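2 protein chains.
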Amino acid sequence: MLAASLQLADEQGLAAVTMQAVADRLGVTPMALYRHVANKADLLDGVVESLLLEVPLPDPADDWATRLLALSRGTRRAASAHPEVFPLLLQRAAVTPGARRARDVVYGALREAGLGEDDVIQLERLLATAVLGFAASEAGGRFAAHSAAQLDADFARLQEMLAGAVVAALEATPHVP
Amino acid sequence: MLAASLQLADEQGLAAVTMQAVADRLGVTPMALYRHVANKADLLDGVVESLLLEVPLPDPADDWATRLLALSRGTRRAASAHPEVFPLLLQRAAVTPGARRARDVVYGALREAGLGEDDVIQLERLLATAVLGFAASEAGGRFAAHSAAQLDADFARLQEMLAGAVVAALEATPHVP
DNA sequence: ACCTGAACACCGTTCAAGT
DNA sequence: ACCTGAACACCGTTCAAGT
Numbered sequence: 002m003l004a005a006s007l008q009l010a011d012e013q014g015l016a017a018v019t020m021q022a023v024a025d026r027l028g029v030t031p032m033a034l035y036r037h038v039a040n041k042a043d044l045l046d047g048v049v050e051s052l053l054l055e056v057p058l059p060d061p062a063d064d065w066a067t068r069l070l071a072l073s074r075g076t077r078r079a080a081s082a083h084p085e086v087f088p089l090l091l092q093r094a095a096v097t098p099g100a101r102r103a104r105d106v107v108y109g110a111l112r113e114a115g116l117g118e119d120d121v122i123q124l125e126r127l128l129a130t131a132v133l134g135f136a137a138s139e140a141g142g143r144f145a146a147h148s149a150a151q152l153d154a155d156f157a158r159l160q161e162m163l164a165g166a167v168v169a170a171l172e173a174t175p176h177v178p
Numbered sequence: 002m003l004a005a006s007l008q009l010a011d012e013q014g015l016a017a018v019t020m021q022a023v024a025d026r027l028g029v030t031p032m033a034l035y036r037h038v039a040n041k042a043d044l045l046d047g048v049v050e051s052l053l054l055e056v057p058l059p060d061p062a063d064d065w066a067t068r069l070l071a072l073s074r075g076t077r078r079a080a081s082a083h084p085e086v087f088p089l090l091l092q093r094a095a096v097t098p099g100a101r102r103a104r105d106v107v108y109g110a111l112r113e114a115g116l117g118e119d120d121v122i123q124l125e126r127l128l129a130t131a132v133l134g135f136a137a138s139e140a141g142g143r144f145a146a147h148s149a150a151q152l153d154a155d156f157a158r159l160q161e162m163l164a165g166a167v168v169a170a171l172e173a174t175p176h177v178p
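Given below as structure tokens:
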């Protein structure tokens with residue numbers, strides 16, 4: 002049902018995701034959906050969550066910088082696969098299992114990099130926000146005037162910027178030699 | 002009419018912005034709105050644009066770093082004033098007068114800082130995206146679990162991060178001594 | 001437990017008609 | 001030029017009833 006809704010959004014836009022259309026696709030009446038979902042907002046929550054769970058987790062064997070890069074690339078890819086739904090991500094509290102899963106990857110990477118716990122927690126929010134902001138802008142159409150090559154270059158530069166921020170935080174961290 | 006729609010969204014949520022409700026507030030029938038707006042999407046475009054035009058432009062007498070900070074603070078304030086509408090900003094192409102207005106402020110500041118034209122153009126997108134991503138996350142509820150103090154601290158750190166990116170770009174720029 | 005038919009109050013949008 | 005009444009095809013959601 003969440004898969005059917007996501008597919009519907011991908012194919013015909015978010016506005017096409019109506020209780021009746023989803024039900025149709027499942028060969029059922031609209032009212033049957035209310036057995037599995039409280040209401041339409043709840044259904045959309047589920048769709049957003051399933052999108053989040055589609056972002057592949059990086060290989061834990063890679064070093065921390067590679068893992069961060071892989072996660073942000075996976076996020077951008079999920080956005081481009083589901084541009085209609087992705088922007089909704091910024092409109093839900095990041096407290097679901099899917100949100101926690103991605104957050105934990107970043108926490109682990111920043112800890113391994115050597116940051117203190119307070120830094121880890123704050124920096125994760127800023128890194129995630131920058132990546133989500135970019136991916137949501139791209140998916141939502143804010144960059145519609147720009148070429149794919151330009152956006153690839155922008156994304157690469159964003160990564161450099163974020164890496165620079167992590168390095169700066171590391172340099173400000175007292176470390177055991 | 003755009004003002005009435007924005008007010009309606011602020012007071013009762015984006016879902017309450019229906020053609021009938023807007024018409025009601027103006028003391029007119031819904032069909033009368035179609036004289037001023039092509040359809041509902043067009044109306045929402047107008048509402049988003051009017052929100053963008055609400056962001057105050059920085060004092061041109063201030064130095065470039067102060068202007069950038071003022072613009073991003075103004076943006077964050079507009080988001081908190083209109084949390085229902087603000088997230089839509091990431092879902093429209095940044096080609097309207099309101100978008101251009103803000104962009105030109107950043108262009109001017111980065112040029113004055115001493116960046117080359119290519120850097121100015123690319124960095125503007127990244128800075129704007131980071132600020133909009135943060136403001137939209139905050140307005141949209143992604144940070145709902147966090148205190149206002151925490152979010153203020155996050156925003157301050159975001160500014161530091163962005164300032165660091167500008168400085169790094171400046172250091173990589175060959176300059177006339 | 002799960003699904004349905006019928007119904008309700010609302011949507012966005014059209015069109016011809018009014019002033 | 002601007003607004004309206006009536007109508008159309010759709011919404012989300014409820015409730016009692018069916019299996």
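The listed protein sequences correspond, in order, to chains A and B. Per this note's numbering, the first sequence starts with residue 2, numbered consecutively. Per this note's numbering, the second sequence starts with residue 2, numbered consecutively. Beta carbons are placed, not taken as given, at the ideal position from N, Cα and C, and that holds for glycine. Keep in mind it's a predicted model, so treat the numbers as computed, not measured.
Under 9 angstroms between C-beta atoms of residue i and residue j
i: Phe135(A); j: Arg93(A); result: no
i: Leu124(B); j: Arg143(A); result: no
i: Val86(A); j: Leu128(A); result: no
i: Thr130(B); j: Ala103(A); result: no
i: Met20(A); j: Leu45(A); result: no
i: Leu9(A); j: Arg36(A); result: no
i: Arg101(B); j: His147(A); result: no
i: Thr174(B); j: Gly109(B); result: no
i: Gly115(B); j: Leu54(B); result: no
Cβ-based burial, residue i [other Cβ within 10 Å; buried from 16]
i: Ser138(B); result: buried
i: Pro59(B); result: buried
i: Gly99(B); result: buried
i: Met162(B); result: buried
i: Ser6(A); result: buried
i: Asp119(B); result: exposed
i: Ala33(A); result: exposed
i: Pro84(A); result: buried
i: Ala154(A); result: exposed
Reduced DSSP secondary structure (H/G/I, E/B, other) of residue i
i: Leu58(B); result: coil
i: Gly28(A); result: coil
i: Pro98(B); result: helix
i: Leu70(A); result: helix
i: Asp155(B); result: helix
i: Glu118(A); result: helix
i: Val18(A); result: coil
i: Thr76(A); result: helix
i: Glu36(A); result: Just to set this straight, residue 36(A) is Arg in the shown sequence, not Glu. Note: Arg36(A) maps to helix in three-state DSSP.
i: Arg93(A); result: coil
i: Thr130(B); result: helix
i: Ser148(A); result: coil
i: Arg2(B); result: Before going on, a small fix: residue 2(B) reads as Met here, not Arg. Note: Met2(B) maps to coil in three-state DSSP.
i: Glu85(A); result: coil
i: Asp11(B); result: helix
i: Asp63(B); result: coil
Pairwise C-alpha distance: residue j and residue i
i: Gly141(A); j: Val56(A); result: 18 angstroms
i: Leu70(A); j: Val106(A); result: 11 angstroms
i: Ala82(B); j: Leu52(A); result: 29 angstroms
i: Ala150(A); j: Ala157(A); result: 11 angstroms
i: Gly47(B); j: Leu3(B); result: 6 angstroms
i: Arg68(A); j: Ala17(A); result: 36 angstroms
i: Val96(A); j: Val49(A); result: 12 angstroms
i: Pro88(A); j: Ala39(B); result: 24 angstroms
i: Asp63(A); j: Leu72(B); result: 39 angstroms
i: Ala24(B); j: Trp65(B); result: 44 angstroms
i: Leu152(B); j: Gln160(B); result: 12 angstroms
i: Glu113(A); j: Ile122(B); result: 35 angstroms
i: Gly165(A); j: Gly28(B); result: 55 angstroms
i: Pro61(B); j: Pro31(B); result: 43 angstroms
i: Ala145(B); j: Lys41(B); result: 29 angstroms
i: Gly75(A); j: Leu133(A); result: 11 angstroms
i: Gly14(B); j: Leu111(A); result: 38 angstroms
i: Ala169(A); j: Glu12(A); result: 43 angstroms
i: Ala80(A); j: Ala80(B); result: 23 angstroms
i: Ala22(A); j: Ala22(B); result: 26 angstroms
Inset, instruction - Give the residues from the stretch 80-91 of chain A that approach chain B closer than 7 angstroms (Cβ to any Cβ), ordered along the chain. - result: Listed by position, the residues of the stretch 80-91 of chain A near chain B (Cβ gap below 7 angstroms) are Pro88 and Leu91.
Legend entry - Where the stretch 129-147 of chain A meets chain B: residues whose CB sits under 7 angstroms from a CB there: Within the stretch 129-147 of chain A, the residues whose Cβ lies closer than 7 angstroms to any Cβ of chain B are, in chain order, Thr130, Ala131, Leu133, Gly134, Phe135, Ala137, Ser138, Gly141, Gly142, Arg143, Ala145 and Ala146.
Legend entry - Interface residues of the stretch 157-176 of chain A facing chain B [CB-CB below 7 angstroms]: From the stretch 157-176 of chain A, only Arg158, Leu159, Met162, Gly165, Ala166 and Ala169 have a Cβ closer than 7 angstroms to chain B.
Inset, instruction - Could you list the residues in the stretch 93-110 of chain A with a C-beta less than 7 angstroms from some C-beta on chain B, going in chain order? - result: Listed in chain order, the positions of the stretch 93-110 of chain A with a beta carbon within less than 7 angstroms of a beta carbon of chain B are Arg93, Ala94, Ala95 and Val96.
Inset, instruction - Using a Cβ-Cβ cut-off of less than 8 angstroms, give me the residues of the stretch 44-59 of chain B that come near chain A, in sequence order. - result: Flagged: no residues at all.
Inset, instruction - Using a Cβ-Cβ cut-off of less than 8 angstroms, give me the residues of the stretch 8-23 of chain B that come near chain A, in sequence order. - result: Shown here is that no member of the stretch 8-23 of chain B has a Cβ falling below 8 angstroms from a Cβ of chain A.
Inset, instruction - Give the residues from the stretch 112-127 of chain B that approach chain A closer than 7 angstroms (Cβ to any Cβ), ordered along the chain. - result: Within the stretch 112-127 of chain B, contact with chain A at the beta-carbon level (separation under 7 angstroms) is assigned to Gln123, Arg126 and Leu127.
Inset, instruction - Could you list the residues in the stretch 60-74 of chain B with a C-beta less than 9 angstroms from some C-beta on chain A, going in chain order? - result: Identification of residues in the stretch 60-74 of chain B having a C-beta nearer than 9 angstroms to some C-beta of chain A yields an empty set.
Legend entry - Members of the stretch 24-40 of chain B near chain A, C-beta cut-off 9 angstroms: Of all residues in the stretch 24-40 of chain B, none has a C-beta nearer than 9 angstroms to a C-beta of chain A.
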